[in-house]
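Q: So that we are looking at the same thing, I have put the structure below in structure tokens.
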Amino acid sequence: MNHGITEAFLDKIYKLTKQFFALPTEEKQKCARETGSIQGYGNDMILSDDQVLDWIDRLFLTTYPEDKRQLKFWPQVPTGFSDTLHEYTMRQRVLIEKFFKAMARSLELEENCFLKMYGENAIMNARFNFFPPCPRPDKVIGIKPHADGSAVTLLLPDKDVEGLQFLKDGKWYKAPIVPDTILINLGDQMEIMSNGIYKSPVHRVVTNREKERISLAMFCVPGPDKEVQPADGLVSEARPRLYKTVTKYAELHYKYYQQGRRTIEAALI
Ligand SMILES: O=C(O)CCC(=O)C(=O)O
Ligand SMILES: [Fe+2]
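Next up, the structure:
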């Protein structure tokens, strides 16, 4: 997609992500997540004894609005990490606005209709993912099958190593590697706003024996005060409303995800 974020800039954030994960553990631990907090460096938060863990390390940082940032978790090394992440966030805000307007127009809706539900204080959460090589890719998954709980996710996948797969009609399909491309993935909240016309796809990340893999997902989530529901113009007798009004969906999503369940089922009427 023509996103106005240059290849050189994507390359910069990609390299910084690689450099961060290549640091010694004690350096990364300076950003370690604290018990009960989602922000910071670490792995899955354990919510139950029978939870299936992902083969992954991650750094999770809220990058927008700026007053929601917890800078103590932002890496000091590699140099330039924080400034670049700030710039990435700001450039992506411009992209998201254009994208939501285009989505509304594509459904012949007033162009600000989705943006209004998304809100001025919409949240952006950056998740830097690191998948180490795994001795048993046949048994162990990098990220369990899920659909994103965001409205939209801007994903920068690894340049060289495959792993992301999408589910369609009961079969898994590999996402091809397209260098210097941001993959726009629709989340459940876009499915709700569009009354099911746009779907949030189920996807997963598989592991491999030889190569490590990284990715950066930016989850764009409607503001916590926002009620998200199917746009009026998409509800009619012929197409009844499919979803309830939801608020703070992302919080519910985290619990469902760890149980391997689809959150959108909780929103169905
Ligand atoms: O690593 C990827 O390509 C996908 C990551 C993903 O699905 C996620 O973080 O929700
Ligand atoms: Fe995802």
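Residues 1104 to 1372 in our numbering are what the sequence shown spells out, letter by letter.
C-beta: ideal position from N, C-alpha, C; glycine also.
(1) Which of the three DSSP states, helix, strand or coil, is assigned to T1166?
(2) Since F1231 contacts T1120 with CB under 8 Å, what's their CB separation in whole angstroms?
(3) Compute the minimum distance between the beta carbon of A1320 and the heavy atoms of ligand 2, and state whether it is under 7 Å.
(4) What did DSSP end up calling K1219 once you bin it into helix, strand or coil?
(5) Given a cut-off of 8 Å, decide if L1289 and Y1301 are closer than it, judged by their beta-carbon atoms.
(6) What residues in its chain sit with their C-beta under 6 Å from that of Q1332, if we drop five residues either side in the sequence?
(7) I think P1325 touches G1222, with their Cβ atoms under 8 Å apart; what is that distance to the nearest whole Å?
(8) Can you look up S1253 in the DSSP assignment and give me helix, strand or coil?
(9) Quick check: is any heavy atom of ligand 2 less than 7 Å from the C-beta of H1356?
(10) Please work out which residues of its chain come closer than 8 Å, Cβ to Cβ, to F1269, disregarding the five sequence neighbours upstream and downstream, and give them in chain order.
(11) Rounded to whole angstroms, what is the Cα-Cα separation between Q1122 and I1317?
(12) Nearer than 7 Å: is that true of the beta carbon of R1230 relative to any heavy atom of ligand 1?
(13) Extract the residue ranges of the alpha helix (DSSP H) inside the segment 1161 to 1213, only unbroken runs of 4 or more that lie entirely within it.
(14) Using DSSP bridges, identify the partner residues of W1158.
(15) Throw me the rounded Cβ distance for the T1166 and A1225 pair, which I believe falls under 8 Å.
(16) Quick one: what's got a C-beta closer than 6 Å to V1308's C-beta in the same chain, skipping five residues either side?
(17) Can you grab the Cα-Cα spacing for the pair I1083 / R1344, in whole Å?
(18) Starting from I1295, trace the beta strand (DSSP E) both ways and give me its first and last residue.
(19) Short check: CB of Q1361 to CB of Q1154, under 8 Å?
(20) Look up Q1268 in the DSSP assignment and say whether it is helix, strand or coil.
A: Concretely, from the data shown:
(1) Within the sequence shown, the letter at position 63 stands for residue 1166. T1166: strand per DSSP, three-state reduction.
(2) In the sequence shown, residue 1231 corresponds to position 128, counting from 1. In the sequence shown, residue 1120 corresponds to position 17, counting from 1. 5 Å between Cβ atoms; contact.
(3) The residue you call residue 1320 lines up with position 217 of the sequence shown. Checking the Cβ of A1320 against ligand 2 gives yes.
(4) Position 116 of the sequence shown, counted from the start, is the residue given in the question as residue 1219. Helix at K1219.
(5) Taking the sequence shown and counting its residues from 1, the one referred to as residue 1301 is at position 198. Taking the sequence shown and counting its residues from 1, the one referred to as residue 1289 is at position 186. Yes, Cβ-Cβ distance for Y1301 and L1289 is below 8 Å.
(6) As a first step, residue 1332 must be located in the sequence shown, where it is residue number 229. Around Q1332: T1348.
(7) To locate residue 1325, count along the sequence shown from 1; it is residue 222. To locate residue 1222, count along the sequence shown from 1; it is residue 119. At roughly 6 Å, the Cβ-Cβ gap stays under 8 Å, so P1325 and G1222 are in contact.
(8) Taking the first residue of the sequence shown as position 1, residue 1253 is located at position 150. In this structure, S1253 counts as coil in the three-state DSSP scheme.
(9) The residue given as residue 1356 occupies position 253 in the sequence shown. Not so, every heavy atom of ligand 2 lies at least 7 Å from the Cβ.
(10) One-based indexing of the sequence shown puts residue 1269 at position 166. Answer for F1269: W1275, Y1276, A1278, P1304, V1305 and H1306, listed in chain order.
(11) Sequence index remark: in the sequence shown, residue 1122 carries index 19 (1-based). Sequence index remark: in the sequence shown, residue 1317 carries index 214 (1-based). When only Cα atoms are considered, Q1122 and I1317 end up about 11 Å apart.
(12) To locate residue 1230, count along the sequence shown from 1; it is residue 127. Correct: R1230 has its Cβ closer than 7 Å to ligand 1.
(13) 1184 to 1209
(14) Working through the sequence shown from its first residue, we reach residue 1158 at position 55. According to DSSP, W1158 bridges with nothing at all.
(15) In the sequence shown, counting from the first residue as 1, residue 1166 sits at position 63. In the sequence shown, counting from the first residue as 1, residue 1225 sits at position 122. So it is not a contact: roughly 12 Å between Cβ atoms.
(16) To locate residue 1308, count along the sequence shown from 1; it is residue 205. Cβ neighbours of V1308 within its own chain (closer than 6 Å, five residues either side excluded): G1245, I1246, G1266 and L1267.
(17) The structure shown has nothing for residue 1083, since the chain only spans 1104 to 1372.
(18) For the purposes of this step, residue 1295 is taken as residue 192 along the sequence shown, with counting starting at 1. Careful: I1295 lies outside any beta strand (DSSP E), inside the alpha helix (DSSP H) at D1291 to M1296.
(19) Taking the first residue of the sequence shown as position 1, residue 1361 is located at position 258. Taking the first residue of the sequence shown as position 1, residue 1154 is located at position 51. Yes.
(20) On the sequence shown, residue 1268 is found 165 positions in, with the first residue counted as 1. Of the three classes helix, strand and coil, the one that applies to Q1268 here is strand, per DSSP.
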